[in-house]
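Asks:
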């Protein structure tokens with residue numbers, strides 16, 4: 040009987056510990072975990088990363104909702120151009136922004152990683168929120184991916200993903216672009232929830 044009581048106490052303590060730890064996890068991580076649950080990159084890589092792109096759009100808009108700003112619509116032309124750039128990056132095997140971004144008025148975020156972690160790109164971009172000062176909003180190094188992701192005036196997005204057998208390259212293009220000096224306060228609002 041005492042053994043049963045100890046087992047029950049131990050189970051209760053473990054459940055409490057797990058629940059308490061869940062409460063300490065930032066909402067952005069919970070969102071990302073929920074969206075990427077059961078994602079299989081090996082299977083998806085054989086299908087052109089269709090599922091990864093779908094989840095990238097979903098995660099992007101979930102993060103935007105945290106800031107109470109409009110979600111982005113998918114633009115097929117942007118997606119086509121992003122896919123071209125992702126293919127190019129996979130071919131040259133390095134990161135490089137598209138030289139046509141300024142002429143075409145596109146914003147752009149890039150990510151790269153092994154097949155097993157490549158889907159963390161949007162989360163890594165959003166995690167730059169830790170470097171952003173909402174009390175003194177302005178551009179500085181280490182925030183540009185985050186601010187483009189949640190830039191209020193941006194309305195459309197298109198993403199591409201390419202794999203060269205070793206590294207996965209992710210490119211998302213945005214229109215209109217973000218990160219304009221003097222416009223951070225009105226375009227990068229605080230999140231409603233932390």
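Numbering (this note's numbering), first residue to last: 40 to 233.
Glycine included, C-beta positions come from ideal geometry on N, C-alpha and C.
Based on Cα-Cα distance, which residue from 205, 197, 154 and 63 lies nearest to residue 148?
Replies: Of 205, 197, 154 and 63, the residue nearest in Cα terms is 197.
Asks: With DSSP run on the structure shown, which of helix, strand or coil describes residue 256?
Replies: Given that the chain is displayed from residue 40 to residue 233, the structure contains no residue 256 and the question cannot be resolved.
Asks: Where do the ends of the alpha helix (DSSP H) carrying residue 116 lie?
Replies: That run of the alpha helix (DSSP H) goes 115-131.
Asks: Quick check on residue 225: does DSSP put it in helix, strand or coil?
Replies: Of the three classes helix, strand and coil, the one that applies to residue 225 here is helix, per DSSP.
Asks: How about residue 154 and residue 80: do their beta carbons lie closer than 7 angstroms?
Replies: For residue 154 and residue 80, yes; Cβs fall inside 7 angstroms.
Asks: Output the distance between the C-alpha atoms of residue 213 and residue 89, rounded to the nearest integer angstrom.
Replies: Taking the straight line joining both Cα atoms gives about 19 angstroms.
Asks: Over what stretch of residues does the beta strand (DSSP E) that includes residue 265 continue unbroken?
Replies: Given a span of 40 to 233 for the chain in the structure shown, any question on residue 265 remains unanswerable.
Asks: Would residue 142 be called buried (16 or more neighbouring beta carbons within 10 Å of its own) or exposed?
Replies: Burial call: exposed.
Asks: On a CA-only basis, which of 71, 229, 231 and 64 is nearest residue 236? Give me that one, please.
Replies: What the structure shows of the chain is the stretch from 40 to 233, and residue 236 is not part of that stretch, so it cannot be assessed.
Asks: Would you give the residue range spanned by the beta strand (DSSP E) that residue 207 belongs to?
Replies: Run containing residue 207: 207-214, per the beta strand (DSSP E) assignment.
Asks: Can you find the residues in the same chain that come closer than 7 angstroms, C-beta to C-beta, to residue 107, ignoring five residues on each side of it along the sequence?
Replies: Excluding residues within five positions, the ones whose Cβ falls inside 7 angstroms are 228 and 231.
Asks: Who are the near neighbours of residue 113 in its chain, counting only those whose CB is closer than 7 angstroms to its CB and skipping five residues on each side?
Replies: If we look at residue 113 and ignore the five residues flanking it on each side, its Cβ neighbours are 96, 196 and 197.
Asks: Is the distance from the Cβ of residue 121 to the Cβ of residue 208 below 7 angstroms?
Replies: Not in contact: residue 121 and residue 208 (Cβ atoms no closer than 7 angstroms).
Asks: Unbroken alpha helix (DSSP H) runs of length 4 or more, entirely within the region 140-198: which are they?
Replies: The qualifying runs are 140-143, 160-165 and 183-189.
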